[in-house]
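**Q** Residue numbers (the numbering used here): 1 to 67. Even glycine gets a Cβ: it sits at the ideal position worked out from N, Cα and C. On a predicted model such as this, the values are computed, not experimentally measured, just so you know.
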């Protein structure tokens, strides 16, 4: 499946079916994020119910602490 994550084309296998699956990947795990899917903000409670489809555009914005 081809997704566009933060503007970058990314190929993922079919096992990555939901936003929860995507965010469980090592590069995103343990980060607090806001997720936008095809122009719509997705609430954290909905991550497991949102199915990904070929061509989806996902923007992941994570928080960074600092001072």
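Please check the pair residue 34 and residue 61, which I expect to be a contact at CB under 8 Å, by giving their CB distance rounded to whole angstroms.
**A** By one-based count along the chain shown, residue 34 stands at place 34. By one-based count along the chain shown, residue 61 stands at place 61. Going by Cβ atoms, the distance from residue 34 to residue 61 rounds to 5 Å, so yes, they are a contact pair.
**Q** Apart from the five residues on each side of it in sequence, which residues of its chain come closer than 8 Å, Cβ to Cβ, to residue 15?
**A** Within the chain shown, the letter at position 15 stands for residue 15. Cβ within range, chain order: 21.
**Q** Could you give the first and the last residue of the continuous beta strand (DSSP E) run that contains residue 20?
**A** Counting from 1 along the chain shown, the entry for residue 20 is found at position 20. No beta strand (DSSP E) holds residue 20; the alpha helix (DSSP H) holding it covers 19–23.
**Q** Looking at the structure shown, is residue 44 part of a helix, part of a strand, or coil, going by DSSP?
**A** Sequence index remark: in the chain shown, residue 44 carries index 44 (1-based). DSSP places residue 44 in helix when its eight states are reduced to three.
**Q** Considering only the alpha carbon of each residue, which of 27, 23, 66 and 56 lies closest to residue 48?
**A** Within the chain shown, numbered from 1, the residue matching residue 48 stands at position 48. The residue with the shortest Cα to Cα distance from residue 48 is 23.
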